[in-house]
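Okay, so the sequence shown: first residue is 64 according to the numbering used here, each after it adds one. For each residue, glycine too, the CB sits at the ideal point set by N, CA and C. Before any comments, here is the structure.
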Amino acid sequence: MKQNSTLLKSRVGHSMLFDQSDRSLYVFAGQRGKDYLSDLYRYQVDTDIVTEIAQDYSKDAGPDAGFTQRATIDEDLQELYVLSGYMRNSGGDVVRNTLWVYSIKRNEWQKVFQNENRDSEYWGRNSKFEPGPRFAHQMVYDSINKKQYIFGGNPGDHTDTTKRLDDFWELVLSK
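Below, the structure written as structure tokens:
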């Protein structure tokens, strides 16, 4: 690592995205020890330089600290997409249903969707219309058709800790 590079601490449950257009690796969030992180780093592969973009993006109108959220990148639009996860905020640990978009060009987060409902009856009634809160799910991005695909995950059901989701969703953002 170069001398003018920032130290990137080890972590688990983080997200990493590679931008082939400028050969940069984005690393954000995760868990280190008992701490949930809300940071964002950029590693430039060719120059071997790590840059801290945000030490705590939750203070700059970004997502709460968390781990196992899932992310994708649109290299053409220079945007990162982050879907929910196991989050920690002033109210404690929660599984939240939130979608964020980060503009690399503007260095700005935008919350595009959030549903705070935690009522199991609500999610039972609406399971065909909206994906329920989850963490440890899979999310991929079709950059040609500009579609996100989400599969499965853990709903964080404290009454049934073995419960897992096997649903499949397609998401298209309209601007």
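As computed with DSSP, ARG133 is found in a beta bridge with LEU146.
The stretch 191-201 makes contact with the stretch 138-148, as at least three CB pairs between them are under 8 angstroms. In the three-state scheme derived from DSSP, where H, G and I count as helix and E and B as strand, ARG86 is classed as coil. Between LEU80 and ALA134, the beta carbon gap of about 6 angstroms places them in contact (Cβ cut-off 8 angstroms).
The stretch 219-235 and the stretch 164-171 do not touch, with fewer than three beta-carbon pairs separated by less than 8 angstroms. Of the other Cβ atoms in all chains shown, fewer than 16 fall within 10 Å of the Cβ of ILE207; this residue is therefore exposed.
Assignment of beta-bridge partners to SER166 by DSSP yields GLU142 and GLU171.
In the three-state DSSP reduction, LYS210 falls in the strand class (E or B). As DSSP reads the structure, ILE112 sits in a beta bridge with GLN107.
Inclusion of SER68 and ASP111 in the CB contact set at 9 angstroms is warranted, their separation being smaller than that value. Looking at the DSSP output, SER78 sits in a beta bridge with PHE91. Bounds of any alpha helix (DSSP H) do not take in TYR120, whose DSSP letter is neither H nor E.
Beyond the five residues adjoining it in sequence on each side, GLN107 comes within less than 6 angstroms, by CB distance, of SER87 in the same chain, given in chain order. THR161 is positioned such that its CB atom lies no closer than 9 angstroms to that of GLN173.
In this structure GLU115 does not touch TYR99 by the C-beta definition: roughly 17 angstroms separates them, more than the 8 angstroms allowed.
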